Amino acid sequence: KKVYLNGEILDSHDAKISVFDRGFLFGDGIYEVMVQLENGIFYKKAHLDRLQDNLDKISILFDVRDIDDALIGLLSASGLSQKSSLIYMQVTRGIAPRKHAYPKGAAASVMMYALPYELPPINPKRMKAIIESDFRWHRCDIKSISLLGNIMTNEAAMESGNDEAALVRNGILTEGSHTNIFFVRDGTVITHPADEHILNGITRKIVLQLCGELGIPVMERPLREEEIPDMDEAFFTGTTTQIASISQLGDHSFGHGDEVGRTTKKLQGAFALLREKDTAE
Ligand code: PMP
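Heads up: take any position in the sequence shown, counting from 1, add 8, and you land on the UniProt record's numbering.
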């Protein structure tokens, strides 16, 4: 397995990082996950733009344009040029004596790897989710590598035999542990506004754009937990989740068996078509 680390492509066991890296000590870094399909990296520019925005938000000095060329080299060294793969990248604030305040002059640490990964045409599985308290911080818009709240709530889902945890803060459904959440009522798509309580998912943005193209009305508004039984459909979105119908949310069921709701199905169909296009730019 090959890893890109600070300008070099190395065998994964030779890729070493200092214990004083702020990513290791503080979780002080930003990450991205993207997938490469036959037609290139799916929404590559959107992912890299978000990475740059996030780095800017926390004042890590790094220009993501440096990643583009490195990515080609990494994919080639990994034997994955133009092959279906999953790409992980993270940029941390770099190596410095352990003090909370941002160090002056530390160089960001950049790490990336790519793995063979076959994304199914569209997520065929309906997902079951528990409802968990969203006890994360108030800057969930930052794609921080510190993911304790996300992994703890996801673990609770796994332990209880579910596929995802839907998070509730002050009675309002924010998002999933690693996905955004959407509802459909009377043909209108409802999702949490892109504020500081959710990660503004690239897949979320794609879905909103598809709704526009398909003439599906959208409301970006907070949805209260008590409203769940009034909803006709629900789905999760994410880079690897794509658009996944929700069959069970807490003690509420949507539809029966494998039956995916009408609007969810329409969006899944439109999403599948996008995958045949070159969306990298
Ligand atoms: N919310 C959270 C908390 C996530 O971790 C993710 C996946 N990284 C998403 C939403 C979905 O984002 P995207 O569609 O960009 O993968």
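Glycine residues also receive a C-beta, built at the ideal position from the N, C-alpha and C atoms.
Treat the numbers as computed from the prediction; the structure is a model and nothing was measured.
Query: Inter-residue CB distance, Ala-252 and Lys-133 (contact presumed, cutoff 8 Å); Result: 7 Å
Query: Closer than 5 Å to ligand 1: residues, by C-beta to nearest heavy atom, in chain order; Result: Glu-183, His-186, Asn-188, Leu-207, Gly-209, Ile-210, Thr-211, Gly-246, Thr-247
Query: Classification of Asn-178 by the beta-carbon crowding that lies within 10 angstroms, buried from 16 upward; Result: exposed
Query: Beta-carbon gap between Val-43 and Thr-247 smaller than 8 Å; Result: yes
Query: First through last residue of the alpha helix (DSSP H) which encompasses Glu-167; Result: 156 to 167
Query: The beta strand (DSSP E) enclosing Leu-69, as first and last residue numbers; Result: Leu-69 -> no beta strand (DSSP E), and no H or E assigned at all.
Query: Cα-Cα separation between Ser-255 and Leu-56, rounded to whole angstroms; Result: 33 Å
Query: Proximity test, Cβ basis, 8 Å: Ile-224 and chain C; Result: Among the protein chains of the structure shown there is no chain C, as only one such chain exists.
Query: Three-state secondary structure (DSSP) of Asp-61; Result: helix
Query: Buried/exposed call for Glu-140, threshold 16 Cβ in 10 Å; Result: buried
Query: Selection from Ala-278, Ala-164, Gly-277 that minimises the alpha carbon distance to residue 2; Result: The question about residue 2 has no answer here: the residues shown for the chain are numbered 9 through 289.
Query: N-terminal and C-terminal residue of the beta strand (DSSP E) that Ala-280 is part of; Result: Not the beta strand (DSSP E): Ala-280 falls in the alpha helix (DSSP H), residues 270 to 282.
Query: Asp-186, buried or exposed, once every other Cβ within 10 Å from all chains shown has been counted against 16; Result: Per the sequence presented here, residue 186 reads as His, with Asp not at that position. That one is buried.
Query: Boundaries of the beta strand (DSSP E) in which Thr-245 is found, first to last residue; Result: 241 to 246
Query: Phe-191, DSSP secondary structure in three states; Result: strand
Query: Three-way DSSP call (helix, strand, coil) for Asp-149 in this model; Result: coil
Query: Touching by the beta-carbon criterion (3+ pairs, under 8 Å), the region 88 to 95 and the region 65 to 75; Result: no
Query: Contact the region 190 to 199 vs the region 213 to 227: 3+ CB pairs below 8 Å; Result: yes
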